[in-house]
Amino acid sequence: MKETSQRVNYLYDLQDAGYDADIIRVFSQKQGHRPIIDINPKNSRVLKAKVELLKHERESFKQINQHLNLDKEHYNQRSMVERVNKYLKDDFGCDKIYYKGSNKVASVLAFGILSICIHQSLKLIT
């Protein structure tokens, strides 16, 4: 601050939490500047208490989130099934099947799934 003040006339000292100390604030004010310094939670009892509370809340959230992750996995599996159904219907001709009989319909769907597997394998190669 001292060296910069000799070269440039400025009004504010903008610093991060690493410079949160009373001695730096006082020196800045003696130079005729206004110190704007982030508060370091390590130097503040109130902020330390808030940080501890946030840590406790985070731990509680992690426990809740573990249950939510299971739901997310189920959702992702379901969305994969929906994507395969979309490919079958829109891209591989299984949206309109005019055959009667389960064997014929199953063979068309099996051919569609085989086509999807080949298509996805080609995507992996390229």
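First residue of the sequence shown: 1, per the working numbering; consecutive thereafter. Ideal Cβ placement from N, Cα and C applies to all residues, glycine included.
So residue i and residue j are in contact, right, with Cβ under 8 Å, and what is the actual spacing, rounded?
i, j, result
"D20", "H33", "Between H33 and D20 the Cβ distance is about 16 Å, and since that is not below 8 Å, they are no contact."
"V108", "I118", "Not really, about 16 Å apart at Cβ, beyond 8 Å."
"I24", "I37", "7 Å"
So the candidates are the options; which of them puts its Cα closest to the Cα of residue i?
i, options, result
"N40", "F27, L53 and D22", "D22"
"M1", "D16, S28, A17 and G18", "S28"
"G18", "N43, H56 and I116", "N43"
"Q140", "E3, A49, K123 and K86", "The question about residue 140 has no answer, for the chain in this structure spans 1 to 126."
"D110", "T126, L54, L122 and F92", "One point to set straight first is that residue 110 is Ala, not Asp, in the sequence displayed. Among T126, L54, L122 and F92, the Cα nearest to that of A110 is on F92."
"V105", "Q120, L88, S121 and I116", "L88"
Could you give the DSSP three-state label for residue i: helix, strand or coil?
i, result
"D91", "helix"
"L29", "Residue identity differs from the one stated: residue 29 is Gln in this sequence, not Leu. Q29 falls in the helix class under three-state DSSP."
"L124", "helix"
"I39", "coil"
"L14", "strand"
Would you decide whether residue i is buried or exposed? Buried here means 16 or more other CB atoms lie within 10 Å of its CB.
i, result
"C94", "buried"
"G112", "buried"
Please tell me whether residue i has its Cβ less than 8 Å away from any Cβ of chain B.
i, result
"E3", "Absence of chain B from the displayed structure is noted, only one protein chain being present."
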